[in-house]
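Only one structure is covered here, and it is reproduced in the block below.
Protein chains in written order, with my numbering: chain F, -2 to 140; chain R, -2 to 140; chain C, -2 to 140; chain S, -2 to 140; chain V, -2 to 140; chain Z, -2 to 140.
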C-alpha cells in the first residue's frame, strides 16, 4: 500500500477596513431587513485576519513548500490595497458587490492567486480563510 | 480547465455545562480506569465552544452564503438547551450516552441539522467543531 | 500586622466601529503626517474590546462584588451607542475630538461611570481598558 | 533622583470545575432572581484559569524572582484540590459560601499564600487572577 | 440516501526548541539569501504547538474515538524528544535536514504514527498541525 | 472632590530568541538542579512577546498619549537587537547574566527607557511586560 504525502503551509496576516452592507439591487427596506446593523449609513469596520493555505511538495534542499519571504511579499501586496481603507469607497471591486466576509474572502483568494501565478513555483493555493472577528469567518477555494 | 468555487461560512458560539463520565455498561472499576478524573462523582464542567461550518454558493445580491441572523437563531436555540445545564441530569440525550466531547459534537451536529432543514436554504452543514477546552476538540460531520 | 483585602471584577465586551483620524486644528499636511494611514478620507474600522474593572468588597451573602447582570446592562447600554457606528459621524462626542484609542477609552470610562452612579452600589470603577486590536490598548482611570 | 526597581513574575495554570450558585441565606425566589441561570439545580461548570503574581527582587546569581519549579509545585497542589471537582459538593470551603468567581479567587489567594509561607523566599504574593471565562475574571489581593 | 458519519478528535500540546536554518547543500551566500534571519549562526527558537488529528468511529460504550490518556502518552513521548532541545544539535533527524516548520511537521507525523501503530486501535492519524508561531503553521498528512 | 485622570497606552510586539540558562557562579550540578531542562547545553528558544506601558496626559489636539509611530520605532530598534538571535552568544548583556524572563524584561525596560529619553515627550514608561509563553511572564518597572 502506497501513501501520498502532502504538506500545506499557512500564513496569517492582519488588516483593518471600514465597510457598509448595502445592495443597490434591493429597496432601502429590504437592505435594512437583510443587513440589520451592518446597513448603518456611514459604515463601521473590523480588524480582519487573512490566512492563505499553500499546498505542495517539501523541497528536499530548503525544507520548504514555498519561501516565506515570497508569501509575505504577496500578502503584503494584497492586504495593503485594503488596509485602512473603506471598502465601499476605496476598493473598486466593492463598488459593485456587498463587502460581506464571503465576498472579501473570494476577492482575496483571487488576488493571492493572481500574484502567486506570477511566481514559478509548484505550490498551489488550496484556500484562503478570512476572519471578520474571532466568531465569524469564511473559507474560500476552488476545486 | 474549469474550476469549482466553494465558500464555507463558520460561526462560533459559547456555552457552559457540567458533566460526568460514567457508563452503566461498565463496572465501577472499569469506569474509574477508563475515565480517570472525569469519573468524579458529582461531575465537573467546561466552557464549550461550538463552531458550525456552512457550505454553499454566495448569493449574488446579498453576498452571503446564509444570513447570519438565521445562523445565530439556530445556534442560540441549540446551545440554550445545553447552556448552564448539567448534561447527565438535564439533557435527555445524555441519559443514555456518556457526554464526551465526541458525543456532544455528534449531538450538536444533529440538532443544528434539524433546525437548518426547516429553512429553505441551499446551504449545507459540512461539519461542526466542539471545543472542550483550547487543547481538545472534535470535528463531526456526515459524508 | 493587619491586611486590607481587595477584589476587582473585570468584564469584557466587544463592539465594532468605523473611524477616521482628523483634527480640524491641524493643516491637511499636519494631519497626514501625524495620523498616517488613519487619516485615510473615508475612514476604516476595528473590532474594539472594552473591559471594565470594578473594585469593591465581596458581599458575604451573594459572594459578589456586583451582580454581573447589572454590569452587563450598563456595558450593553454604553457599547450599543457605539457598535456598528462610524464614530466621527454618528457619535456626537467625536465630532469635536479625534476618535483615538485614548479618547474612546476616556469616553467609555465616563459613560460607564455615569451609568454606575445611578445604581446604589458600593462598587467603584477603577479603570477601563479599550483594545483597538490585540497589539494596542489604553487603560483609563481617575485617581 | 533614586529609582526603586521592581519585578513581578506571573504564572498561569488551568483547572475545570462544576459549581452551582445557591445561598441558603436567601429564599428560592431570591436565589433564582440573583443568580439566574447559575442557580440551575444540578450545576454547570467552567474551564478556570488561575494566575499568581509574585513580586520580589531578581536574584543576581540565578536571575530569578523565584524558581518556577517551586511556583508550579504550589499551583499544582492548590489546583489539584479543585480540578475536576464539583465545588459545592467536593470542596469544604464552598459548603458555606457561594462558589462565585470572587470567592474562588479569594480562596485561591489564601491557599497559594499558605503554601508560599512555608518556603523561605523573599517573594511576595501580590495578587491572584481567576478567569471563569475569557470575558469574566477577578483579581484578589491584600494590601 | 445514506450518510457516512465521521468524527475526528484533535489534541494540542506545546514544546520549545532552538533551531537554525542551514543547508550544507547550499553555499553560505545561498543559505543567507534563502533563510534570512533564520540563518543566524547560533540559532534562535520558538514555542511550538503540535496538534494531532485522529479519525475514527465513536465507541458506543465509552463515547470516545480514542482514550485521551493514550493520546497524551503518545504526544508526551514524541514532544519530550524535542522539548527544550536545539534541533540541529540534539535531534538526529535534523542533522541531515533543515528544521523548517514543514520538516518538523513531517517528523512529528512520522513519530506519532509510529507510536500509534503500536496500539490496537481502529483510529487513524489523519494529519498533524505544527505552529511555529500564531501566524505560521504547517499541516502534514498522507493520503 | 477633585479627580486625577490618567491614561496609559500599551503596545505589544513579538520577537524570537534562543537562550540557555547557565550561571558560571554555580557548579554544573547546581546549574542542572536550578535550571532543569533550561540548562540543556545547546539551548532552546521561545517566541517572546514584549509589551510597553506608557503613561501620560492625552494631547488635546491629537488625542494621543504618544504618537504610535514613535513607539513602534523604539520597539523595532529594541527588539531587532534580540530577534532571531541566541541571547547567550549574540547579545553582550547576557554574557554576564542568565537570560531568564526576569533579566530579559529588565534589559528591555532599560533599552526602551534609553530610547524614550531621547524624545522630548511628557510620556513616562510605567513598566514593560515580557511573555516567554502564554503561561509565564514578568512585569518590570521602577518606582
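Ideal Cβ positions, reconstructed from N, Cα and C, are used throughout, including at glycine.
Notebook entry, point to check: Hey, residue 42 of chain C and residue 107 of chain F: beta-carbon distance below 8 Å or not?
Noted result: Counted from its first residue, the third chain places residue 42 of chain C at position 45. Counted from its first residue, the first chain places residue 107 of chain F at position 110. Going by C-beta atoms, residue 42 of chain C is not nearer than 8 Å to residue 107 of chain F.
- Task: Take residue 113 of chain S and list the residues in its own chain whose beta-carbon comes closer than 6 Å to its own, dropping the five residues that flank it on each side.
- Result: Residue mapping note: residue 113 of chain S aligns to position 116 of the fourth chain, counting from 1. Hits under 6 Å: 122.
Exercise. Can you give me the start and stop residues for the beta strand (DSSP E) that residue 8 of chain V sits inside?
Key: Reading the fifth chain from its first residue, position 11 is the one you call residue 8 of chain V. Taken as a continuous stretch (DSSP letters only), the beta strand (DSSP E) holding residue 8 of chain V covers 2 to 16.
Self-check item: Beta-carbon spacing of residue 83 of chain Z, residue 40 of chain Z below 8 Å
Solution: To locate residue 83 of chain Z, count along the sixth chain from 1; it is residue 86. To locate residue 40 of chain Z, count along the sixth chain from 1; it is residue 43. Yes, Cβ-Cβ distance for residue 83 of chain Z and residue 40 of chain Z is below 8 Å.
- Message: Output needed in chain order: residues of the region 86 to 100 of chain C with a Cβ under 7 Å from some Cβ in chain F.
- Response: 86, 87
Leaving out five residues before and five after residue 89 of chain F in sequence, what residues of the same chain have Cβ atoms less than 8 Å from its Cβ?
Along the first chain, one-based indexing puts residue 89 of chain F at 92. For residue 89 of chain F, where only same-chain residues beyond five positions count, there are no Cβ hits under 8 Å.
- Task: Verify the CB distance criterion: does residue 59 of chain R have a CB-CB separation below 8 Å to chain F?
- Result: Here residue 59 of chain R is taken as the residue at index 62 of the second chain, counted from 1. It does; some Cβ of chain F falls within 8 Å.
- Message: So residue 133 of chain S and residue 8 of chain C are supposed to be a Cβ contact under 8 Å. How far apart are they, rounded?
- Response: Within the fourth chain, numbered from 1, the residue matching residue 133 of chain S stands at position 136. Within the third chain, numbered from 1, the residue matching residue 8 of chain C stands at position 11. Their Cβ separation, rounded to whole angstroms, is 6 Å, which keeps residue 133 of chain S and residue 8 of chain C in contact under 8 Å.
Query raised in the report: Do residue 53 of chain F and residue 97 of chain V have their C-beta atoms within less than 8 Å of each other?
Result: Taking the first chain and counting its residues from 1, the one referred to as residue 53 of chain F is at position 56. Taking the fifth chain and counting its residues from 1, the one referred to as residue 97 of chain V is at position 100. Not in contact: residue 53 of chain F and residue 97 of chain V (Cβ atoms no closer than 8 Å).
| field | Beta-carbon neighbours of residue 114 of chain S, restricted to chain R and to distances below 9 Å | value | As a first step, residue 114 of chain S must be located in the fourth chain, where it is residue number 117. In chain order: nothing, as chain R lies at least about 28 Å away.
Query - Inter-residue CB distance, residue 72 of chain C and residue 10 of chain C (contact presumed, cutoff 8 Å) - result: Reading the third chain from its first residue, position 75 is the one you call residue 72 of chain C. Reading the third chain from its first residue, position 13 is the one you call residue 10 of chain C. A Cβ-Cβ separation of about 5 Å places residue 72 of chain C in contact with residue 10 of chain C under the 8 Å criterion.
Q.
For chain S, check one thing: does any of its Cβ atoms lie closer than 8 Å to the Cβ of residue 7 of chain Z?
A. Residue mapping note: residue 7 of chain Z aligns to position 10 of the sixth chain, counting from 1. Not closer than 8 Å to any Cβ of chain S, the Cβ of residue 7 of chain Z fails to qualify, so no.
Quiz item: So is residue 49 of chain Z in contact with chain C if we call contact Cβ pairs under 8 Å?
Solution: Here residue 49 of chain Z corresponds to residue number 52 of the sixth chain, with the count starting at 1. So no, residue 49 of chain Z is outside the interface.
What does residue 37 of chain S touch in chain C if you count any residue whose Cβ is under 7 Å from its own? The count along the fourth chain starts at 1 and reaches residue 37 of chain S at position 40. Neighbours of residue 37 of chain S on chain C: none; closest Cβ ~15 Å, over 7 Å.
Return the chain-ordered ranges of every alpha helix (DSSP H) run that is complete within the region 36 to 102 of chain F and spans a minimum of 4 residues.
65 to 77, 84 to 87
Return the residues of the region 1 to 27 of chain C that lie within a Cβ-Cβ distance of less than 9 Å from chain Z, sorted by chain order.
18, 20, 22, 23
Practice problem: Could you check the C-alpha separation between residue 102 of chain F and residue 3 of chain C for me, to the nearest Å? | Solution: Here residue 102 of chain F refers to the residue found at position 105 when the first chain is read from its first residue. Here residue 3 of chain C refers to the residue found at position 6 when the third chain is read from its first residue. Roughly 48 Å separates the two Cα atoms.
Original post:
When DSSP labels each residue in this structure, what does residue 120 of chain V get in the three-state scheme?
Top reply: Counted from its first residue, the fifth chain places residue 120 of chain V at position 123. Three-state DSSP puts residue 120 of chain V in coil, outside helix and strand.
Inset, instruction - Tell me, please, whether the CB atom of residue -2 of chain F is closer than 8 Å to any CB atom in chain R? - result: As a working note, residue -2 of chain F is residue 1 in the first chain. Any reading at residue -2 of chain F must be qualified, since the residue scores a pLDDT of 47, below 50, and its modelled position is unreliable; the value itself is stated next. Not one beta carbon of chain R lies nearer than 8 Å to the beta carbon of residue -2 of chain F.
- Start and end of the alpha helix (DSSP H) containing residue 28 of chain R? Working through the second chain from its first residue, we reach residue 28 of chain R at position 31. Start and end: 25 to 32.
- Item | Under the three-state DSSP convention, the category residue 140 of chain F falls into | Taking the first residue of the first chain as position 1, residue 140 of chain F is located at position 143. Residue state, collapsed to three classes: coil.
Margin query: According to DSSP, simplified to helix, strand and coil, what is residue 111 of chain C?
Written below: Stepping through the third chain from its first residue, residue 111 of chain C is reached at position 114. In this structure, residue 111 of chain C counts as helix in the three-state DSSP scheme.
| request: Return the bridge partner residues of residue 128 of chain Z from the DSSP annotation. | output: Counting from 1 along the sixth chain, the entry for residue 128 of chain Z is found at position 131. Its beta-bridge partners are Z/46, Z/134.
When the Cα atoms are used, what is the spatial distance from residue 69 of chain S to residue 105 of chain V?
Mapped onto the fourth chain, residue 69 of chain S falls at position 72. Mapped onto the fifth chain, residue 105 of chain V falls at position 108. Looking at the two C-alpha atoms, the distance is approximately 28 Å.
Check: Which bits of chain V does residue 34 of chain Z rub up against, with CB to CB less than 8 Å?
Finding: Position 37 of the sixth chain, counted from the first residue, corresponds to residue 34 of chain Z. Going along chain V in sequence order, the residues near residue 34 of chain Z (Cβ under 8 Å) are 80, 81.
For chain F, find out if any of its Cβ atoms is closer than 8 Å to the Cβ of residue 138 of chain V; answer yes or no.
Locating residue 138 of chain V in the fifth chain gives position 141, where the first residue counts as 1. Interface criterion met: the Cβ of residue 138 of chain V is under 8 Å from a Cβ in chain F.
Chain Z within 8 Å of residue 71 of chain S, Cβ atoms only
The residue labelled residue 71 of chain S in the question sits at position 74 within the fourth chain. It does not: the Cβ of residue 71 of chain S has no partner Cβ on chain Z nearer than 8 Å.
Express the C-alpha separation of residue 14 of chain Z and residue 140 of chain S in angstroms, rounding to a whole number.
To locate residue 140 of chain S, count along the fourth chain from 1; it is residue 143. To locate residue 14 of chain Z, count along the sixth chain from 1; it is residue 17. Distance between the alpha carbons of residue 140 of chain S and residue 14 of chain Z: 37 Å.
Consider the Cβ of residue 64 of chain V: report whether some Cβ of chain R lies at a distance smaller than 8 Å. Taking the fifth chain and counting its residues from 1, the one referred to as residue 64 of chain V is at position 67. It does: the Cβ of residue 64 of chain V has a partner Cβ on chain R nearer than 8 Å.
Checklist entry - Which word fits residue 148 of chain S, buried or exposed, when buried means at least 16 other C-beta atoms lie within 10 angstroms of its C-beta? => result No information on residue 148 of chain S is available, as it lies outside the stretch -2 to 140 that chain S covers here.
So which of F/115, F/75, F/136 has the shortest CA-CA distance to residue 100 of chain F? Here the question's residue 100 of chain F lines up with position 103 in the first chain. Of F/115, F/75, F/136, the residue nearest in Cα terms is F/136.
Closest to residue 57 of chain V by CA distance: which of R/45, R/87, R/48, R/20 is it? Numbered from its first residue, the fifth chain carries residue 57 of chain V at position 60. Closest by alpha carbon: R/20.
- prompt: Going straight from the alpha carbon of residue 50 of chain R to that of residue 124 of chain R, what length do you get?
  reply: Within the second chain, the letter at position 53 stands for residue 50 of chain R. Within the second chain, the letter at position 127 stands for residue 124 of chain R. Spanning the two alpha carbons is a distance of roughly 5 Å.
### Query
Is it the case that the Cβ atoms of residue 45 of chain C and residue 128 of chain C are separated by a distance below 8 Å?
Within the third chain, residue 45 of chain C is the residue found at index 48, counting from 1. Within the third chain, residue 128 of chain C is the residue found at index 131, counting from 1. Cβ atoms of residue 45 of chain C and residue 128 of chain C: closer than 8 Å.
| Which word fits residue 48 of chain V, buried or exposed, when buried means at least 16 other C-beta atoms lie within 10 angstroms of its C-beta? | Taking the first residue of the fifth chain as position 1, residue 48 of chain V is located at position 51. Note on residue 48 of chain V: 16 or more other CB atoms within 10 angstroms of its CB, so buried under the neighbour-count rule.
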